[in-house]
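Structure first, commentary second.
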Amino acid sequence: MFSDIAQYFRTEALPHIWCPGCGIGTITAAIVRSIKTLQLDQNKVVIVSGIGCSSRMPGYLDFNTLHTTHGRALAFATGIKASRPELDVFVIMGDGDASAIGGNHFIHAARRNIDLTAIIINNSIYGMTGGQSSPMTPHDKRATTSPYGNLERPFQILEVAKAAGATYGARATAFHNQLLTKLIVNAYNNPGFSVVETISQCPVAYGRRNKFKTPADMLLWQKEHGISAGRKELGAEDFLIGEIFKAEAPEYTQEYAKLRQRLKGE
Amino acid sequence: MSKARLMQGNEACAEGALAAGVKFYAGYPITPSTEIAEIMAEKLPLIGGTFIQMEDEIGSMAAIIGASLTGAKALTATSGPGFSLKQENLGFAIATEVPCVLVNVQRAGPSTGLPTSPAQADVMQARWGTHGDHPIIALCPSSVQECYELTVKAFNFAEEFRQPVIMLMDEVVGHLREKVVLPESVEIVGRKKPSVSPDEYIPYENNESRIPAMANFGDGYRYHVTGLTHGENGLPTGKPAVAEKYLERLMRKLDPYLDRIQRYEEILLEDAELIVVAYGGPARSALEAVHAARSEGLNVGFFRPITIWPFPQDALERYADRRFLVPEMNSGQLVGEIERVVGRRQVERFNRIDGELITPDQILTRIQEVMIHV
Amino acid sequence: MAKQQFIFSGTGGQGLILAAIMLADAAVLAGQNVVQSQSYGPEARGGASKAEVIISDEAINYPKVQKPDLVLSISQEAYKKYGLSLDEEVVLIVDDTYVPETKPRSRNFYSLPLTKVTRTEFGSEQSANVVALGAVAAISRQLSLEQVREAVRQRAPKGTADRNLKALELGWQLGIGALKRAKA
Chain W
472 MFSDIAQYFR TEALPHIWCP GCGIGTITAA IVRSIKTLQL DQNKVVIVSG IGCSSRMPGY
532 LDFNTLHTTH GRALAFATGI KASRPELDVF VIMGDGDASA IGGNHFIHAA RRNIDLTAII
592 INNSIYGMTG GQSSPMTPHD KRATTSPYGN LERPFQILEV AKAAGATYGA RATAFHNQLL
652 TKLIVNAYNN PGFSVVETIS QCPVAYGRRN KFKTPADMLL WQKEHGISAG RKELGAEDFL
712 IGEIFKAEAP EYTQEYAKLR QRLKGE
Chain C
925 MSKARLMQGN EACAEGALAA GVKFYAGYPI TPSTEIAEIM AEKLPLIGGT FIQMEDEIGS
985 MAAIIGASLT GAKALTATSG PGFSLKQENL GFAIATEVPC VLVNVQRAGP STGLPTSPAQ
1045 ADVMQARWGT HGDHPIIALC PSSVQECYEL TVKAFNFAEE FRQPVIMLMD EVVGHLREKV
1105 VLPESVEIVG RKKPSVSPDE YIPYENNESR IPAMANFGDG YRYHVTGLTH GENGLPTGKP
1165 AVAEKYLERL MRKLDPYLDR IQRYEEILLE DAELIVVAYG GPARSALEAV HAARSEGLNV
1225 GFFRPITIWP FPQDALERYA DRRFLVPEMN SGQLVGEIER VVGRRQVERF NRIDGELITP
1285 DQILTRIQEV MIHV
Chain V
11 MAKQQFIFSG TGGQGLILAA IMLADAAVLA GQNVVQSQSY GPEARGGASK AEVIISDEAI
71 NYPKVQKPDL VLSISQEAYK KYGLSLDEEV VLIVDDTYVP ETKPRSRNFY SLPLTKVTRT
131 EFGSEQSANV VALGAVAAIS RQLSLEQVRE AVRQRAPKGT ADRNLKALEL GWQLGIGALK
191 RAKA
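Residue numbers (the working numbering), protein chains in the order written: chain W, 472 to 737; chain C, 925 to 1298; chain V, 11 to 194.
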């Protein structure tokens, strides 16, 4: 039902640019539903994005929205959050956006444990530019720039986030939409840098080069291979969904507020 | 009157920013600008502001734009190599009309160049470094006092015109300590806030002033900010007519205000046969050379653009019948503007690119060559 | 006063830039125009270091020293670079520990035990820069002891004001003594 979340959309900005069968639309709905569930003040929510298909999302949403440059969304969001910590800042990135050109900002946002909710929409490909391989394209899979199969190994982005100091990491898929909504709520509630990796489908730029006949095949693949912890032993193409890690660490803007307070006392 | 004190150029820049009301600084260490970051790190938390050392130059530029969108006056500082990296998001700030101040304490380049010897290497990068047509303001101080005063101006221009402003300093003034007398108070300009309700707010309105009112993120005016070409409502557009309207306004937004923006200094011009045009640190050498030439009976004058961009061409054009000498610490950058305004035949150059400040003697010798020997 | 140009030269880490800043501060307190600049290598310690001060009651345009009125050298290398070929009109002050080899001069030359006095008084070489400042200020006769004292008080790193004021006093006395000997 769109009507239950229509108030969060700029309907004048629709229709969106996403291809039929793309996963970003249902992920958008999950993000908006999580904001609704959290009952956040629409005027205090900021949605920041970088460049790519998924980064067009904020334009359709009726919040304070910022569509930045390629890979830089977290750096812009850091400025927003550090300057005005009471704002609720969500950051939408694609896999190439977050892990390639934005990789440095990603590890340092994690290291600072700044209270941002980062949602990485991982469709394993650069979709907007027509299907080039990204640092999260699986090994051996095909893309226009890896026509013989991807030689490189993909990032495990949540492992990166954890190692760099993030305090919440979770994974869902476009198919596991209710789980995704729940995980985004939990990610928001974690007072620190939180990452939700969302496996999505790009039927046009990835699926048709990698033996997926229809978008539905890709969703079925997500259903089959996205495994909750403990359900079964992971096979070669399987991946865990649900909460992957949680940790406690000082949060950047709170630490800065403490510094200001301490200096006042001196 | 406030008390005289000794101050370094970079320190005066930081103090000017504080006087102008800076509340947010993001930066990355790079000589010869680092003192500005160090002062901000110390002082901003004391006044309720925020300092953050970012992971790189690109992120620093991004962070100040983010902070400015929440209403904070925002500053970053760098030098040539970092200035190159900042061009990406400088373009974003221009396209989205987000006020901020970017200090570039120039050093000799290209690439890592001569850290930390002085140069005026980035004059053209300040104008055209980021891709696409765009307006820009760049101010160029010659003294420590001016580092302070122009930084205040830079913030005022940034806020009033919703425009990133570049403080184009050089190592000579950045690291120079000099006596300054700071004013007890300075004129401060804030950005124009919307006077209408959120429902009626048009974030990129084509109004008569050419400067749309700017709402803070979080204040109830929900709007979209994008580096994509956008319409008055802030949303991306592919429509040629909307794109043209936006770009026309963007490119011409400073035109009604040029009288106030374009600042320059004129000395001994009335009877000058030769005008030395100099800016930044080397202008100090030039002025000394002009006085020395006068004492030798040579009719030489001095014109100093303080606003480098937009170049004060109307002011210079009044002297189009004179001859010109343009000393620069680069291979000839601003000289192209002077040639454009007054014609190539009348313009002589003097360039020094070895990382040392041009001396008055070098300029005087060149003046003598031009006026006597030729 | 007429334009006075100073060069402080030595090795990075000796505190010469701070001493030059203090001299410049004192000139501001005396109501003069002043500029101070420096050049150094990429090393924070070691390597050549040079600080310059220009004091004048007129506007100072070109901010670098063109013809020094006084040169202080606290390393043999700095002496070779800035002190050796000076006109004898120019006052030259060297430290007798770190500049053991000097060319004889008939006038305006002072080889002073700046480091030795510092070691004797404080047990280390810290504050030798301010001892040197005291000697420079006394010998140049452009500023009063009180003006330089105030500058040191304001600019000395936290917790070191007393020690540095003492150092200044020692240097000033060295300078006064040297002037007397030169006259005699």
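Each residue gets a CB set at the ideal place from its N, CA and C atoms; glycine is no exception.
### Query
What did DSSP end up calling Cys-1024 of chain C once you bin it into helix, strand or coil?
If DSSP states are grouped into helix, strand and coil, Cys-1024 of chain C belongs with the strands.
### Query
Mind pulling the chain C residues with CB within less than 9 Å of Ser-727 of chain W?
Here the sequence assigns Tyr to residue 727 of chain W, which means Ser is not the residue at that position. Correct list: Pro-969, Thr-974, Phe-975 and Ile-976.
#### Entry: chain W contact residues for Glu-1129 of chain C, given Cβ-Cβ distances below 7 Å
Near Glu-1129 of chain C there are no residues of chain W at all, since even the closest Cβ is about 16 Å away, more than 7 Å.
### Task
Count the other CB atoms, across all protein chains shown, that sit within 10 Å of the CB of Val-1097 of chain C; report buried if there are 16 or more and exposed otherwise.
By the 10 Å Cβ count, Val-1097 of chain C comes out buried.
### Query
If you run the structure through DSSP and keep just helix, strand and coil, what is His-538 of chain W?
Strand, per DSSP.
### Task
Decide if Ala-477 of chain W is buried, meaning its Cβ has at least 16 other Cβ atoms within 10 Å, or exposed.
With fewer than 16 neighbouring CB atoms inside 10 Å of its own CB, Ala-477 of chain W falls in the exposed class.
### Message
Measuring CB atoms only, is the segment 550-561 of chain W touching the segment 983-996 of chain C, in the sense that at least three cross pairs come out at less than 8 Å?
### Response
In this structure the segment 550-561 of chain W touches the segment 983-996 of chain C; the number of beta carbon pairs closer than 8 Å is three or more.
### Message
With H, G and I counted as helix, E and B as strand and the rest as coil, what does DSSP make of Trp-182 of chain V?
### Response
When DSSP states are grouped into helix, strand and coil, Trp-182 of chain V belongs to the helix group.
### Task
Output yes or no for whether 7 Å exceeds the beta carbon distance between Ala-1032 of chain C and Ser-1041 of chain C.
Ala-1032 of chain C is a Cβ neighbour of Ser-1041 of chain C, given a cutoff of 7 Å.
### Query
Can you list the residues of chain C that Lys-74 of chain V reaches, using a CB-CB cut of under 7 Å?
Residues of chain C passing the Cβ test: Leu-1281.
### Query
Does any C-beta atom of chain V lie closer than 7 Å to the C-beta of Met-925 of chain C?
Because Met-925 of chain C sits at a pLDDT of 48, beneath the cut-off of 50, its placement in the model cannot be relied upon, and the following sentence gives the value as read from the coordinates. Not one chain V Cβ lies under 7 Å of Met-925 of chain C.
### Query
Does Val-45 of chain V get closer than 7 Å to chain C when you measure Cβ to Cβ?
With 7 Å as the cut-off, Val-45 of chain V counts as an interface residue toward chain C.
### Query
By how many angstroms is the C-alpha of Ile-1191 of chain C removed from the C-alpha of Met-925 of chain C?
In this predicted model, Met-925 of chain C has a pLDDT of only 48, less than 50, meaning its place in the structure is not dependable; the value taken from the coordinates is given anyway. CA-CA distance, Met-925 of chain C to Ile-1191 of chain C, rounds to 26 Å.
### Message
Going by the DSSP bridge assignment, what does Trp-1233 of chain C pair with across the sheet?
### Response
Bridge partners of Trp-1233 of chain C: C:Ala-1062.
### Rounded straight-line distance, which links the Cα of Lys-113 of chain V to that of Glu-98 of chain V
The C-alpha of Lys-113 of chain V is placed about 12 Å away from the C-alpha of Glu-98 of chain V.
### Query
chain V beta carbons: is any one of them nearer than 7 Å to that of Arg-1031 of chain C?
Not an interface residue.
### Query
Using a Cβ cut-off of 7 Å, which residues of the segment 1196-1216 of chain C contact any Cβ in chain V, in chain order?
Residues Arg-1208, Ser-1209, Leu-1211 and Glu-1212.
### Query
Would a check of beta-carbon distances place Thr-1150 of chain C closer than 7 Å to chain W?
It does: the Cβ of Thr-1150 of chain C has a partner Cβ on chain W nearer than 7 Å.
### Message
Please state the DSSP three-state secondary structure of Gly-878 of chain C.
### Response
Residue numbering for chain C in the displayed model covers 925 to 1298; residue 878 of chain C lies beyond these limits and cannot be assessed.
#### Entry: Residue-chain proximity (Arg-1101 of chain C, chain V), Cβ-Cβ < 7 Å
It does; some Cβ of chain V falls within 7 Å.
### Assigned exposure category for Asp-1278 of chain C - 16 Cβ within 10 Å defines buried
The residue is exposed, with fewer than 16 neighbouring Cβ atoms inside 10 Å.
### Message
Can you pull the chain C neighbours of Ile-31 of chain V, defined as C-beta to C-beta under 8 Å?
### Response
Listed by position along chain C, the residues whose Cβ is nearer than 8 Å to that of Ile-31 of chain V are Leu-930 and Arg-1101.
### Message
I need the DSSP call for Phe-119 of chain V, collapsed to helix, strand or coil.
### Response
In the three-state DSSP reduction, Phe-119 of chain V falls in the strand class (E or B).
### Query
In whole angstroms, what separates the C-alpha of Gln-932 of chain C from that of Glu-1070 of chain C?
Spanning the two alpha carbons is a distance of roughly 11 Å.
### Query
Any idea what DSSP makes of Met-985 of chain C, helix, strand or coil?
Helix.
### Message
Quick check on DSSP: helix, strand or coil for Glu-630 of chain W?
### Response
Looking at Glu-630 of chain W - three-state DSSP - the assignment turns out to be helix.
### Query
Could you give the C-beta distance for Arg-1249 of chain C and Ile-1282 of chain C, rounded to a whole number, given that I count them as a contact under 8 Å?
The residue asked about is misnamed: residue 1249 of chain C is Leu in this sequence, not Arg. Contact doesn't hold; Cβ gap of about 12 Å is too wide.
### Task
Have a look at Gly-57 of chain V and Leu-153 of chain V and give me their C-alpha separation to the nearest angstrom.
When the Cα atoms are used, Gly-57 of chain V and Leu-153 of chain V turn out to be separated by approximately 30 Å.
### Message
Do Ala-177 of chain V and Ala-36 of chain V have their beta-carbon atoms positioned less than 7 Å apart in this structure?
### Response
In terms of Cβ geometry, Ala-36 of chain V and Ala-177 of chain V do not form a close pair [threshold 7 Å].
### Message
With DSSP as the reference, identify every bridge partner of Pro-1042 of chain C, one or two as the case may be.
### Response
The partner list for Pro-1042 of chain C (beta bridge, DSSP) reads C:Arg-1031.
### Query
Where does Ala-720 of chain W sit, in a helix, a strand or coil, going by DSSP?
For Ala-720 of chain W, the secondary structure class from DSSP, reduced to helix, strand or coil, is coil.
### Query
Under a three-way DSSP split, which group does Gly-713 of chain W fall into?
Looking at Gly-713 of chain W - three-state DSSP - the assignment turns out to be strand.
### Query
What's the call for Phe-577 of chain W, buried or exposed, on a 16-neighbour Cβ count within 10 Å?
By the neighbour-count criterion, in which 16 or more other beta carbons inside 10 Å mark a residue as buried, Phe-577 of chain W falls on the buried side.
### Partner residues on chain V for Pro-882 of chain C, Cβ-Cβ distance less than 9 Å
For residue 882 of chain C there is no data in the structure shown, the boundaries of chain C being 925 and 1298.
### Query
CB Phe-1016 of chain C to CB Thr-540 of chain W, shorter than 7 Å?
The Cβ-Cβ distance between Phe-1016 of chain C and Thr-540 of chain W falls below 7 Å.
### Query
What whole-angstrom Cβ distance do Gly-945 of chain C and Phe-1079 of chain C have, given they're in contact under 8 Å?
Right, their Cβ atoms sit about 7 Å apart.
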